[in-house]
Amino acid sequence: MNQDAAPPAPSALSVSDRKSEFVPVSGGQETTSAVGLLLTAYVLMWAVVFGFVWLTAGKQKRLDARLRDVEKALARLDETSTEA
Amino acid sequence: MSVASSTSASSVSSGGRLAAGPAWGFALLATTMGFAFHLWFIFTKTPEAQAAAGGFAQKIFYFHVPSAYALYLSGVVCFVASCLYLLRPTNARDAWAKAGAETAVVFGLMVLTSGPLWAKKAWGVYWTWDPRLTTLLLSVLLYLAMVLLRRFTGDGNAERRFAAAFGVLGTTLLPIIHYSVRLWGGNHPTVVTKGGGGLGSAAMSQALGMGFVTMTALAVVLLLLRARVALSESRLREAEELAYGLGVLGADDEAPGERSPS
């Protein structure tokens, strides 16, 4: 395809052209919303941080449960030794 | 699992305790307020950049670059702690190495989610196999491998040493990431490094500086949080092993080495 030639009007494209190539009709600028991208980036970044903190809180909770088990076991041992 | 085989890591010394209390609360409050002020500053005081830099989407930069810096910081913590662990193993050194790798993954994910979204506006594509992007991805994958290794294998001395070796290896990639643009070129901007044009407004520089301060605070908070949890877990495991050895914990209790990874 000749790079210097002006892009054909959309109506001039045949069905096979539409299947095999995409031609920009308005200069080919990026049309994705900057606000949308910015918002998505900020939400995802903070989701990563809060997700990590949430996972840490869950881990801490499981550690607390294990600690309670050890404390109960030690209390039982203490009671047994006092009775003896 | 027998007591003897599950106590392979208990030969290491416990190491120090990590600070807690009012200072911890103050650090959390200061970090939260810092981020709130930073966001306010970005959206009210910082001008929009030129269209070629992404226009309004360029404001991702004020979190994207400090996140990359926080990744370096976490990587350095992981590297130093891993080296020290390999020299003389302690629970505290292992906890810091583990925390460094985990926070490096978190900041790496922040960089890898924010960067492509900004790139979509500035470059027109979400991803390109640019040297800096590729080396960063490799580095994050290496830290992720270290985290998964610790998550799904045991907590014996051999696993810890292997993970420490990973921690050292992962951090050797960081200077390569930093200098990759200078070494191999690529699409990635070099605005704030040597040879770059710099930031065109004082408010832009201030917003970036604020980003570095707040992200450092966040990195310190997350590192302390995870190191405390990792150290508590090590000490608890030692206490459980001791309790099993004394016959205090019964057969109905789950053995420390047989617990599902947490």
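Those protein sequences? They're chains A and B, same order as listed.
According to our numbering, the residues represented by the first sequence are -4 to 79, in order.
According to our numbering, the residues represented by the second sequence are 11 to 272, in order.
Cβ coordinates follow ideal geometry from the N, Cα and C atoms, glycine included.
Where DSSP assigns a beta bridge to residue i, which residues make up the other side?
i                      : result
residue 182 of chain B : None, per the DSSP bridge assignment.
Assign residue i to one of three DSSP states: helix, strand, or coil.
i                      : result
residue 145 of chain B : helix
residue 198 of chain B : coil
residue 14 of chain B  : Confidence at residue 14 of chain B is low in this model, with a pLDDT of 39, below 50, so its placement is unreliable and the value that follows should be read with caution. Three-state DSSP puts residue 14 of chain B in a helix.
residue 59 of chain B  : coil
residue 124 of chain B : helix
residue 83 of chain B  : helix
residue 135 of chain B : coil
residue 244 of chain B : helix
residue 113 of chain B : helix
Just the Cα atoms here: how many angstroms apart are residue i and residue j?
i                      : j                      : result
residue 71 of chain B  : residue 100 of chain B : 39 Å
residue 279 of chain B : residue 77 of chain A  : The structure shown does not extend to residue 279 of chain B, since chain B is modelled only from 11 to 272, so the question has no answer here.
residue 39 of chain B  : residue 49 of chain B  : 16 Å
residue 119 of chain B : residue 58 of chain B  : 25 Å
residue 185 of chain B : residue 193 of chain B : 11 Å
residue 130 of chain B : residue 180 of chain B : 28 Å
residue 187 of chain B : residue 62 of chain A  : 42 Å
residue 224 of chain B : residue 167 of chain B : 36 Å
residue 46 of chain A  : residue 75 of chain A  : 44 Å
residue 31 of chain A  : residue 82 of chain B  : 29 Å
residue 242 of chain B : residue 58 of chain A  : 8 Å
residue 78 of chain B  : residue 42 of chain B  : 19 Å
residue 80 of chain B  : residue 226 of chain B : 6 Å
residue 76 of chain B  : residue 71 of chain A  : 52 Å
residue 64 of chain A  : residue 155 of chain B : 32 Å
residue 222 of chain B : residue 37 of chain A  : 16 Å
Write down the C-beta distance between residue i and residue j rounded to the nearest angstrom, noting that I regard them as a contact closer than 8 Å.
i                      : j                      : result
residue 232 of chain B : residue 116 of chain B : 7 Å
residue 84 of chain B  : residue 177 of chain B : Their Cβ separation, rounded to whole angstroms, is 11 Å, which puts residue 84 of chain B and residue 177 of chain B out of contact at 8 Å.
residue 228 of chain B : residue 218 of chain B : Contact doesn't hold; Cβ gap of about 15 Å is too wide.
residue 33 of chain A  : residue 66 of chain B  : 6 Å
residue 237 of chain B : residue 137 of chain B : Between residue 137 of chain B and residue 237 of chain B the Cβ distance is about 33 Å, and since that is not below 8 Å, they are no contact.
residue 125 of chain B : residue 74 of chain B  : 6 Å
residue 147 of chain B : residue 122 of chain B : 7 Å
Check your understanding: Hey, which unbroken runs of the beta strand (DSSP E) at 3 residues or more fall wholly within the region 38 to 75 of chain A?
Key -> Within the region 38 to 75 of chain A, no complete beta strand (DSSP E) segment of 3 residues or longer occurs.
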